[in-house]
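Single-structure report; data block below.
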Amino acid sequence: MISAQTPPLLHVEHIEKYYGSPGALTKALDDVSFTVQAGEFISIMGASGSGKTTLLNCISTIDTVSAGHILLDGQEITTIGGEEIAAFRRDCLGFVFQDFNLLDTLTLEENIALPLTIGGILPEEIDRRVHEIAEKLDISDTLQKFPTQVSGGQKQRCAFARAVVCDPKLIMADEPTGALDSHASRVLLEVMSTYNQEMGATILMVTHDAFCASFAGRILFLKDGRIFNEIYKGEKSRSTFYHEILDVLSLLGGDAPC
Amino acid sequence: MLRKLSLRNAKRQFSEYALFFVTLACAVAFMYAFNALLFSDIVKALPEMEILPYLIITASALIILIMGWMIGYMIHYMLKRRSREFGIYLMSGIPNRKLATLLFYENCLIGLIAFGLGLVFGMLFSQILEAVLLNLFGLPYTLHFGFSVSAAGLTFLYFTVMMLSSISRDRKWIRRVQLRELLYYDRRNEKAVVSGGKAACLLFGLSVLAGCGGCLFLALQPIGDGYDVLCGTVLLLLFLFGFFKSVPAYLCARFGNSPAWKYKKHRLVPLRGFIAKINSTSTVMGVLSILFMLAFTFLGIGSMIGLMVTKNVESGAFDVMILHSGEMGDFSRFDSLLRQEYAADGHHYGIYTNGETDFRIVREQTVIEAGREPSLLFAEFEYDTCMAQSDYLTLRELLGYEHLELEPSLCYVHCVPTMAEGVRTLIEGQSGLECGGYAFADDGVFTEVFGQVNEYGNGYGYILVVPDSAVKEMKLVYSVYAAVTEKPLNTAELEQLTSLCENTVSLDRGIAKSNFDGAPTLFYGDWDFLSGKWMDKAGYGYLYAMLICLIYLALVLEMTGAAILATQVLGDWQEKQRQERILRQLGMDARMMSGLRHRQLAQLFLFPLIPALIISGSFLLICDQKMLFGFFEFPPAADIVLIGQSFAVTLLLFSLLYGVYYAAARISFPLSPSG
Ligand SMILES: Nc1ncnc2c1ncn2[C@@H]1O[C@H](COP(=O)(O)OP(=O)(O)OP(=O)(O)O)[C@@H](O)[C@H]1O
Ligand SMILES: [Mg+2]
């Protein structure tokens, strides 16, 4: 599935991130490097405060790095500034958040259409794409409802639809199942994993939960801002992979109880 | 402990409460300033101001009601927004009763500080008000910082009534409120949900129909007898009620289901935000609309009154006119006094009549054509009035008008602009028309301001300017001494004039008597009657009193409405920030974002205003017309021009205050952190 010849989609090189004043520095990320191939589904795990959100935010241009480079499809994104950043986010990135971040005043349909309207796509085209994606994610029935009228799982699937409707190069999710029960989590993850396999979408997902992480093809473990370990699913079954993850976590937890 | 907590809270909440605080302070300032008029010796000394105190007290009663509602609303709104905080207090063991006390202290504190600050501004504002008032009467204003204890006391009384009534209501609420209700307050946002049902669209259609019907009733008055106004008002109220209830659902049905419309030009977010906001605040919006409607109407009537009085005074042309009935009076004592004291330049002359009525008929026709009924005819104006050419030329020179070469053997006409057309047609149409044996000049109609808009000026509406020899044969109706002074004369100076010159009274246009023949006249006895621009103006004191009160009411009403609107806007800034954060993550750029922000703010500020403007506009149109009809037989300009002028002034004044609140809302709307 992953070919070594094609250049990686995402290239993270020695990035560092500090918070605070020079007197009292917090090192949130410490010399993190990794690459992501197009079509990969990667999960990032680690204890609370280990720098997962920070890493995701740096890649997604929500935050800036203190040192190092991030290349997406060969383009250096740490130096994109001002007006370009908005267009870059719109065209290249998709986000899914723990608390959905849907606009309550818009119907689900309109929430999904939102990034397309920002991009100035023609209304008929918007309508077509929204319905197509809703069909795929199985939320066609709820499109006319408002976020307050649907379940958390439906909301998160809507948020995922909104993230992918623009066909971004990279989809990022920060604890997407954090606010969902186990059933809704499972449905969402299956949707994400199917989308990854069928559409070849590249997904980067932060999670606490080993079960969620087991849907990914590769897992990066972060500890104190460094990459501590990295495991591949390969041809293993999901339950084997799940146990492997638990093993790594206990190793991690033994070193640094959170 | 609680006292300290409430103090700290008040401090911390200051920025959120700033708008509320400023509005309270402004209300106090207004109330103090107008109450100060009640107790001001200067105002007491003004003529015809006896009515002012009653008007101000009535206005104050109305203001207490409206402001009381507004304060109650704002306090409640603010409390609701702090629900979670109160929930946490309750959870940590502070009993409801104590919490209520805490809030009571907090509000009292805010109220007291606002009151203090308001008094300071009120003192300033009362000076401005006094200066304006004195200026209206042409009296000199000297800066003095008097503090009226009685006015402050009265203001405090009003203020306390307003504050306590609204605070006590919230006290009851907080005493009974359940913890769950507080903690989950902001979860109750299902109100954001609107669906465009058929019933709502029908209601919308009906309400729009009612609105159009109401405006038509007011504008056209098909029934007459005041029933139109009643029907119109009822229909308009129905419109307001139905409109705000149904407009969200209508918009939803009209645009919400049309991808082709809503997905274009970044309309989606403002449209939906707007619908949700209106839906959750439809009652408030309706009330705001009524407030703005009243404010605009009052302001409009006030500005019309001001305009009419000003125009009327202007049309008087001469600063002083002294009239003597039936014979040539002896005006030398006025002449010397006015020349000495006021550097005046004057001339005395006679107003004669030839006993014909050719031009009187033109006057009556003009009045009827302008939509009015000709008023009661004074004895002096039953027949055409004339003056000698030489007098006319002197008067023109006195007023600084262009010099005319008049043909000594022809007659001319000087009339108000509205009559000119009719006079020309008469002269051209009726061959052989003459006056005292002299024919009329072609092209001999002049229309400069000449003191003809009111009776007992240089004729009424018109005067025939005839050769000097012609008047010798005519009957003298009354004689006039007309003077132009260097400065306007104020009431005190006018009074001085009547008291210094014996046998002089001021001309009272309000009281007509009967002469020997039973025809009405303003002249009686063997007096000299003082008239002229400033005399007329002094007679309009009661109108100024009304004007002041109308503006007072309008200001407070508008301020109340705008403050509530601004609170609404600022109230959900957290929600707006969240929205902006999401949009930024979705790749909306900064320019689009600020455009969106302005659009949403402008929408909200314009929305309750538009129905208000339409309704009060049609109201004002008929009011203004009625007022003009009653006030001027010969409007100095076409009625519609005057109404337009008054509308322009009203709009300007209204948007000034409105703009302040709009700007405040725009400035204080916190920008979300960028990134
Ligand atoms: N804005 C900030 N200012 C200062 N320090 C920050 C900031 N954001 C994060 N940090 C610090 O950086 C470190 C990493 O934070 P980060 O949010 O990335 O952790 P996380 O792995 O996402 O944790 P969690 O699983 O709890 O979400 C933490 O020590 C945190 O205290
Ligand atoms: Mg995190």
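Those protein sequences? They're chains A and B, same order as listed.
Just add 904 to wherever you are in the first sequence, counting from 1, and you've got the numbering used here.
Just add 29 to wherever you are in the second sequence, counting from 1, and you've got the numbering used here.
Virtual Cβ for every residue (Gly too), placed ideally from N, Cα, C.
{"Query": "Can T957/A be considered in contact with ligand 2, in the sense that its beta carbon sits closer than 6 angstroms to one or more heavy atoms?", "Result": "yes"}
{"Query": "How would you call Q1060/A, buried or exposed, if buried means at least 16 neighbouring beta carbons within 10 angstroms?", "Result": "buried"}
{"Query": "Could you name the residues of chain A that D668/B contacts, counting a contact when the two beta carbons are closer than 9 angstroms?", "Result": "Within chain A, no residue comes near D668/B; the closest Cβ sits about 47 angstroms away, beyond 9 angstroms."}
{"Query": "Excluding five sequence neighbours on each side, which residues of the same chain lie with their C-beta closer than 8 angstroms to the C-beta of F176/B?", "Result": "M152"}
{"Query": "Considering only residues of the segment 585-609 of chain B, which uninterrupted beta strand (DSSP E) runs meet the minimum length of 3 residues and lie entirely inside it, listed in chain order?", "Result": "none"}
{"Query": "Using 7 angstroms as the threshold, is the C-beta distance between A228/B and Y61/B below it?", "Result": "no"}
{"Query": "Tell me whether the beta-carbon of A324/B lies closer than 7 angstroms to the beta-carbon of A595/B.", "Result": "no"}
{"Query": "Could you pull the start and end residues of the alpha helix (DSSP H) that H1035/A belongs to?", "Result": "1027-1041"}
{"Query": "According to DSSP, is T414/B part of a helix, a strand, or is it coil?", "Result": "strand"}
{"Query": "So who's on the other strand from L960/A, going by DSSP bridges?", "Result": "Answer is none; L960/A lacks a bridge partner."}
{"Query": "Is L625/B close to chain A? Criterion is C-beta to C-beta, closer than 7 angstroms.", "Result": "no"}
{"Query": "What residues from chain E crowd round F999/A, counting only those whose CB sits closer than 7 angstroms?", "Result": "Any reference to chain E falls outside this structure, whose protein chains are A and B."}
{"Query": "Between the alpha carbons of S675/B and S89/B, how many angstroms are there, rounded?", "Result": "25 angstroms"}
{"Query": "Answer yes if the segment 229-248 of chain B comes into contact with the segment 256-267 of chain B, meaning at least three C-beta pairs across the two stretches below 8 angstroms, and no otherwise.", "Result": "yes"}
{"Query": "I need the boundaries of the beta strand (DSSP E) containing E1014/A, first residue and last residue.", "Result": "From DSSP, E1014/A is part of no beta strand (DSSP E) but of the alpha helix (DSSP H) over 1012-1022."}
{"Query": "What residues in the segment 1030-1064 of chain A have a beta carbon less than 7 angstroms from any beta carbon of chain B?", "Result": "I1030, D1031, F1050, T1052, Q1053"}
{"Query": "How about M1076/A and F999/A: are their beta carbons less than 7 angstroms apart?", "Result": "yes"}
{"Query": "On the DSSP bridge list, what partners appear for L1074/A?", "Result": "L997/A"}
{"Query": "How would you list, in chain order, the residues of chain A whose beta-carbon sits under 7 angstroms from the beta-carbon of A305/B?", "Result": "T1009"}
{"Query": "Going by DSSP in three states, T476/B sits in which element: helix, strand or coil?", "Result": "coil"}
{"Query": "Thinking C-beta only, is F683/B closer than 7 angstroms to L328/B?", "Result": "yes"}
{"Query": "Looking at T1111/A and ligand 1, is the gap between the Cβ and the nearest heavy atom below 6 angstroms?", "Result": "no"}
{"Query": "When burial is assigned at 16 or more other CB atoms within 10 Å of the CB, is Q481/B buried or exposed?", "Result": "buried"}
{"Query": "Whole angstroms is fine: what's the gap from V478/B's alpha carbon to L428/B's?", "Result": "9 angstroms"}
{"Query": "Got a sec, what are the start and stop residues for the alpha helix (DSSP H) N136/B sits in?", "Result": "125-165"}
{"Query": "Between G923/A and ligand 1, is there a pair consisting of the residue's CB and a ligand heavy atom that are separated by less than 6 angstroms?", "Result": "The question names Gly, yet the displayed sequence has Tyr at residue 923/A. At least one heavy atom of ligand 1 is nearer than 6 angstroms to the Cβ of Y923/A, so yes."}
{"Query": "Using 7 angstroms as the limit for Cβ to Cβ distance, is E987/A near chain B?", "Result": "yes"}
{"Query": "Can you tell me whether T1081/A is buried or exposed? The criterion is at least 16 other CB atoms within 10 Å of its CB, across all chains shown.", "Result": "buried"}
{"Query": "Under the criterion of a Cβ to heavy atom distance below 6 angstroms, does T930/A qualify as lining ligand 1?", "Result": "yes"}
{"Query": "Under 7 angstroms between the Cβ atoms of A417/B and L439/B?", "Result": "no"}
{"Query": "Mapping DSSP to helix, strand and coil, what is A666/B?", "Result": "coil"}
{"Query": "Could you check whether K931/A and G866/A sit closer than 7 angstroms to each other, using their CB atoms as the reference points?", "Result": "An answer regarding residue 866/A cannot be provided, because it is not within the stretch 905 to 1162 covered by chain A."}
{"Query": "So, with DSSP's three-state summary, where would you put A932/A?", "Result": "strand"}
{"Query": "Return the chain-ordered ranges of every alpha helix (DSSP H) run that is complete within the segment 1108-1133 of chain A and spans a minimum of 4 residues.", "Result": "1114-1117"}
{"Query": "Report buried or exposed for A221/B, applying the criterion of at least 16 other Cβ atoms within 10 angstroms of its Cβ.", "Result": "Because A221/B sits at a pLDDT of 48, beneath the cut-off of 50, its placement in the model cannot be relied upon, and the following sentence gives the value as read from the coordinates. Counting Cβ neighbours within 10 Å, A221/B comes out buried, since at least 16 surround it."}
{"Query": "Checking the sheet assignment: what are the DSSP bridge partners for F313/B?", "Result": "In the sequence as presented, Phe is not what sits at residue 313/B; that position holds Val. Paired residues: none, contrary to the question."}
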